[in-house]
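Q: One structure, pasted below without further comment.
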Amino acid sequence: MSPLPQRAFFVSPSVRESGGVDYLGLRQANLELMDQFMPGINNGTQWIRPYSVMCWAVWIFNQHSQTYSGELSAGQRFQRFREKIEVLFGWSHQLVGDGAYMAGNGQYSPPGKGPFPLDFKAWHRGPSWFDAVQYGPSFKPDTGLGLAWPQPDGTYGVTEAGEALARALDKGLRTLALYPWLICVEDLQGSVEQAGAVHMKWGRNWPTRQEAQIFRDEFYPPAGTAKNPRASHRECSINLIRATLQVLGSETSLPVLRRAMALLPLSDFPAEQVAGLAPTQALWRVLQLRQAQRLAFESLFGWMELHIAQGLHSSEALRDRLLSLDCIPLRAESSVQAVLEHYRALSPQAANLLEAGLQVAELDLFERIDHLQEYIDNHDEQAAGEALQLLFLVAAITQDLSACPRHSAYLDQGGQARLSLQYWARSLQRKQQISLAELVLNLIENNLLSQHFGIAAMRMTEAKPRLRISLEDQGLVSLLSGTDKAWQPRLTEDRLYSTLALMTESRLLQCRQCDETNTRLYQRADP
């Protein structure tokens, strides 16, 4: 076994690092690209109604909390009231079987027949809508849509738009006989009957036309009215979605739309739109390329974990196993340059390598991603061979796009520490004369093992060790409890689904469910 690189701790810590399953430390670069493309929302913000209810809770509390004379601080009292509203909102949807994919749907009622205390502890509930992993960042002016802002005392204030959303929802809620109980900051218990009654006026799927209009003006501001650069970026991204649907000309599924947004040449769009769409399409292309690269690296790491657990204790043994897979055109004796040239040779002369995927299946980034994910889901070892091919295709496309300033501006997102697209492509360029066998050994030792050791060391705590592989006297040793614990990554959501959901509720799109294919189909709607 060749000596492992003496750079195991080269990964720089990030001030915005996300937790969770990220054993190679690649996720943050993807999140940053997503946030540039569609700022102000995340993959969980799929409905307008929670925004309205959050604004309403803040607005009501600020109106009805002034007469309190007890010992609790304003922040503590607001927490109690918003927990009442959040638990009640979730409970009211659970009662009609409509809580799927909604924050807090894992909550369950205390024992007994009620009335029940409406607080997170009693309902075994974790994150709040106001937390960073939920709607919190999307709620605020600096990171989101500008509906409310946190105050030093632990409460919130609503912006003009936030108050408008609150008032629009309040029109329906105040028709309820139980409205005085609902707005009472001190009455923190509720019954099944109360939860059932309130659902009819705040169901998540039924925002009023007024709510939709208020939300849309913040989510997709009219041309020339964006309040900050983040709103402008969001406007440009929604324009790309709408323009792509216009070019496609018919109802379109999400996967087809995602692919078309990246692969359609700018010449397919109306000439007057090209200048505005070009920078946004470049960002989307880089994001999708990074998604493919990350899935490929992570699937190779999972494959490596499995084979170490099964008894391969050296990087040479792992390399030989990988190169024994049926992954033509990759041959052990081929040079790196020859492999890259194989992909370039497949491209029609007139097209760039990414757009050539519209005509050549082997160059279709999205088809290759689908194949890889299918192999992973089926526990098929060919996933490793497909991942290796995908990494070469990603590098070839990256080299092609780097000549364009619009694309090159994003290609180094994450830098060397997070194996950026640019870093990976340049790494292959420097090694183009070595053999594939040499490159795969370098990939295993540098981009997988050393990368993991560095990330694990940086994030390790006594309570939660992160290391999954160890280097012992006998070589590489698995620290997993079984081979079934080897990582099986999935492609990360890229905010497109949540964007389309909010665009549909904002009446920017029309959407219908196709029962035959069990898919949602989207088309433009005039606002």
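Numbering (my numbering) for the sequence shown: 1 to 527. Even glycine gets a Cβ: it sits at the ideal position worked out from N, Cα and C. Note that the structure is a prediction, hence the values are computed from the model and not measured.
1. PRO117 bridges to which residues according to DSSP?
2. Which of helix, strand or coil does DSSP assign to GLU362?
3. Tell me whether VAL477 sits in a helix, a strand or coil according to DSSP, three-state version.
4. Using the Cβ count rule (16 or more neighbours within 10 Å means buried), how would you classify GLY19?
5. In three-state terms, what does DSSP make of ALA100?
6. Quick one: what does DSSP say GLN209 is sitting in, helix, strand or coil?
7. From ALA384, ALA243 and ASP170, pick the residue whose C-alpha is nearest to that of LEU300; which is it?
8. How long is the line joining the alpha carbons of PHE9 and LYS485, rounded to whole angstroms?
9. Compare the beta carbon distance of LEU33 and LEU287 with 7 Å and say whether it is the shorter of the two.
10. Given the structure, does SER324 come close to the ligand ADP, in the sense that its CB is under 6 Å from one of the ligand's heavy atoms?
11. DSSP state of ILE376, grouped into three classes?
12. Within its chain, find whatever has a CB closer than 6 Å to the CB of ARG167; leave out the 5 residues flanking it on each side and keep chain order.
13. On the DSSP bridge assignment, give the partners of GLN523 in chain order.
14. How would you label LYS171, buried or exposed, when you count the other beta carbons within 10 angstroms and need 16 or more for buried?
15. Taking GLY112 as the reference, give the member of TRP59, TYR68, GLY190 and VAL58 with the closest Cα.
16. Measuring only the C-alpha atoms, how far is SER14 from MET458?
17. Along the alpha helix (DSSP H) that carries GLY302, what are the first and last residues, could you check?
18. Within its chain, find whatever has a CB closer than 7 Å to the CB of ARG259; leave out the 5 residues flanking it on each side and keep chain order.
19. Can you give me the C-alpha to C-alpha distance between GLY357 and LEU263, rounded to a whole angstrom?
20. What does the alpha-carbon distance come out to for the pair ALA197 and GLU86?
21. Can PRO221 and ALA231 be called in contact, C-beta distance under 7 Å?
22. Would you kindly report the start and end of the unbroken alpha helix (DSSP H) that includes GLY454?
23. Just to confirm the assignment, what range does the beta strand (DSSP E) spanning TRP149 have?
24. Mapping DSSP to helix, strand and coil, what is ILE469?
25. Near GLN359, what residues of its chain come up, given a Cβ to Cβ distance below 8 Å and the 5 sequence neighbours on each side ignored?
26. Would you check if the distance between the CB atom of TRP123 and the CB atom of GLN107 is smaller than 7 Å?
27. Looking only at its chain, what residues have a beta carbon closer than 6 Å to the beta carbon of PHE392, apart from the 5 residues adjacent to it on each side?
28. Answer with yes or no whether the minimum CB distance from ALA103 to chain B is below 7 Å.
29. When DSSP builds the beta bridges, which residues end up paired with VAL158?
30. Tell me whether the beta-carbon of GLU505 lies closer than 7 Å to the beta-carbon of PRO207.
31. Look at the Cβ atom of ILE397, then the Cβ atom of LEU436, and state whether they are nearer than 7 Å.
32. Could you give the first and the last residue of the continuous alpha helix (DSSP H) run that contains GLN432?
33. Less than 7 Å between the C-beta atoms of GLN488 and GLY302, yes or no?
34. Does the distance from the C-beta atom of CYS511 to that of TYR522 stay below 7 Å?
35. Please list the terminal residues of the continuous alpha helix (DSSP H) segment that includes GLU32.
36. Where does THR252 fall in DSSP's three states?
A: Let me spell this out:
1. GLN189, per the DSSP bridge assignment.
2. Here GLU362 sits in helix by DSSP.
3. VAL477: strand per DSSP, three-state reduction.
4. Here GLY19 scores only 36 on pLDDT, less than 50, and its place in the model should not be relied on; the value that follows carries that caveat. Looking at its Cβ environment, which holds fewer than 16 other Cβ atoms inside 10 Å, GLY19 is exposed.
5. Assigned with DSSP and collapsed to three states, ALA100 falls in coil, not helix or strand.
6. The question names Gln, yet the displayed sequence has Arg at residue 209. ARG209: helix per DSSP, three-state reduction.
7. The residue from ALA384, ALA243 and ASP170 with its alpha-carbon nearest to that of LEU300 is ALA384.
8. Note that PHE9 has pLDDT 36, beneath the 50 cutoff, so the model's placement of it is unreliable and the number below is only indicative. For PHE9 and LYS485, the distance between alpha carbons rounds to 25 Å.
9. In contact: LEU33 and LEU287 (Cβ atoms closer than 7 Å).
10. Absence of the ligand ADP is noted for the structure shown, with no ligands found whatsoever.
11. If DSSP states are grouped into helix, strand and coil, ILE376 belongs with the helices.
12. In its chain, beyond the 5 residues on either side, no residue has a beta carbon closer than 6 Å to the beta carbon of ARG167.
13. In the DSSP assignment, GLN523 is bridged to GLN510.
14. So LYS171 ends up on the exposed side.
15. Comparing Cα-Cα distances from GLY112 to each of TRP59, TYR68, GLY190 and VAL58, the minimum goes to GLY190.
16. Low local confidence applies: a pLDDT of 33 at SER14 is under 50, so the model's placement there is unreliable, with the coordinate-based value given in what follows. Whole-angstrom Cα-Cα distance: 10 Å.
17. Counting along the chain, the unbroken alpha helix (DSSP H) around GLY302 starts and ends at 271-309.
18. PHE366, listed in sequence order.
19. Approximately 7 Å, taken between the alpha carbons.
20. Going by the C-alpha atoms only, they are around 15 Å apart.
21. A Cβ-Cβ contact shorter than 7 Å links PRO221 with ALA231.
22. Residues 451-459.
23. Unbroken beta strand (DSSP E) run through TRP149: 148-150.
24. In the structure shown, ILE469 sits in a strand (DSSP, three-state: E or B).
25. PRO348 and ALA351, listed in sequence order.
26. In this structure, TRP123 places its C-beta atom within 7 Å of the C-beta atom of GLN107.
27. Once the five neighbours on either side are set aside, the close Cβ partners of PHE392 are VAL339.
28. No chain B is present in this structure, which holds just one protein chain.
29. Partner(s): ALA148.
30. Going by C-beta atoms, GLU505 is nearer than 7 Å to PRO207.
31. No, the Cβ-Cβ distance between ILE397 and LEU436 is not below 7 Å.
32. No residue range can be given for GLN432, since it is assigned to no alpha helix (DSSP H) and is classified by DSSP as neither H nor E.
33. Yes, these two residues count as a Cβ contact at 7 Å.
34. Going by C-beta atoms, CYS511 is nearer than 7 Å to TYR522.
35. In the DSSP annotation of this structure, the continuous segment of the alpha helix (DSSP H) that includes GLU32 starts and ends at 27-37.
36. Reduced to three states, the DSSP call for THR252 is strand.
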